[in-house]
Amino acid sequence: IGIRTKEDIAAIENEMRLLSELTSCKCPQEKTDMLRRIANTRGIIVLTDSDGAGLVIRNRIKSCIGQGKVYHAYIPEIYGKEKRKAKPGKENLIGVEGMTTEVLLSAFKKAGIDPESGISERTEPFSKTFLYEIGLSGKTNSSEIRRKICEHFSLPKMLSANSLAEILPIITTEAELVSVIEKFKEN
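Per this note's numbering, the sequence shown starts with residue 2, numbered consecutively.
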């Protein structure tokens with residue numbers, strides 16, 4: 002995010018507070034409506050920690066926004082402790098603030114956001130039928146395959162099939178995904 006003026010900084014900080022209020026269930030309806038309008042016109046980017054709390058925040062924002070454009074930038078699950086903390090968090094994962102610039106840029110690119118040119122055109126999510134056919138949902142070992150896919154593409158391991166349906170078409174093709182899953186089944 003490029004910030005040019007004091008006013009831009011104030012606007013960004015204001016939007017950050019809005020999202021914070023939204024996730025804590027204290028967001029007044031007019032602020033929720035404003036975020037919905039922003040999501041419907043420009044889209045919003047959600048970047049949270051890769052732990053369970055981050056997932057709750059993502060789901061809360063998505064449910065409040067509805068059909069607007071929500072771009073999910075996922076950081077990988079990296080175990081450890083952030084420098085400013087005396088001990089690791091509950092899930093022992095490093096959060097957004099502990100990520101390097103390279104990791105954050107990679108997360109944005111995987112979400113279809115290019116820091117140079119902005120947000121790219123949305124790709125259509127993979128269909129639920131396709132996910133079923135390749136074993137990412139509805140099969141006895143689907144959760145294990147999803148976990149391996151998440152590891153392979155440096156995504157949080159707890160992503161649902163629906164979340165993968167949205168993010169995977171941005172970072173891979175159907176053919177490549179099928180190939181990766183076939184390699185998992187061979188091993």
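By construction, the Cβ of each residue, glycine as well, lies at the ideal position given by its N, Cα and C atoms.
When you compare only the Cα positions, how much space is there between S155 and K149? 10 Å
Quick one: complete alpha helix (DSSP H) runs, 4+ long, within the region 74 to 145? You should have 102 to 111, 129 to 134.
Are Y1 and I46 touching if we call contact CB-CB under 7 Å? In the structure as shown, the chain starts at 2 and stops at 188, and residue 1 therefore has no counterpart that could be examined.
Of the choices M159, L165, L94, whose alpha-carbon is the least far from that of A112? L165
Should R85 go down as buried or exposed, given a rule of 16 or more other Cβ atoms within 10 Å for buried? exposed
Could you check what DSSP says for L48 in three-state terms: helix, strand or coil? strand
Distance between I182 and N277 (C-alpha atoms, nearest Å): Since the first residue shown for the chain is 2 and the last is 188, residue 277 is missing from the structure and cannot be characterised.
Residues that DSSP places opposite V57 in a beta bridge: Assignment of beta-bridge partners to V57 by DSSP yields no partner.
Less than 6 Å between C-beta atoms, sequence neighbours within five positions excluded: which residues of the same chain meet that for G3? Note on G3: pLDDT 36, under 50, position unreliable in the model; no value is reported.
So does the region 128 to 148 actually touch the region 76 to 91, counting three or more Cβ pairs closer than 8 Å? no
Own chain residues within Cβ distance below 7 Å of L94, not counting five before or after: D50, S51, D52, E78, I79, Y80
Same chain only: Cβ atoms within 7 Å of H192, ignoring 5 sequence neighbours per side: Since the first residue of the chain shown is 2 and the last is 188, residue 192 is not available in this structure.
State the Cα-Cα distance for the pair K184 and R43, rounded to the nearest angstrom. For K184 and R43, the distance between alpha carbons rounds to 39 Å.
Taking Cβ positions, are F127 and P170 nearer each other than 7 Å? A contact, by the Cβ cut-off of 7 Å.
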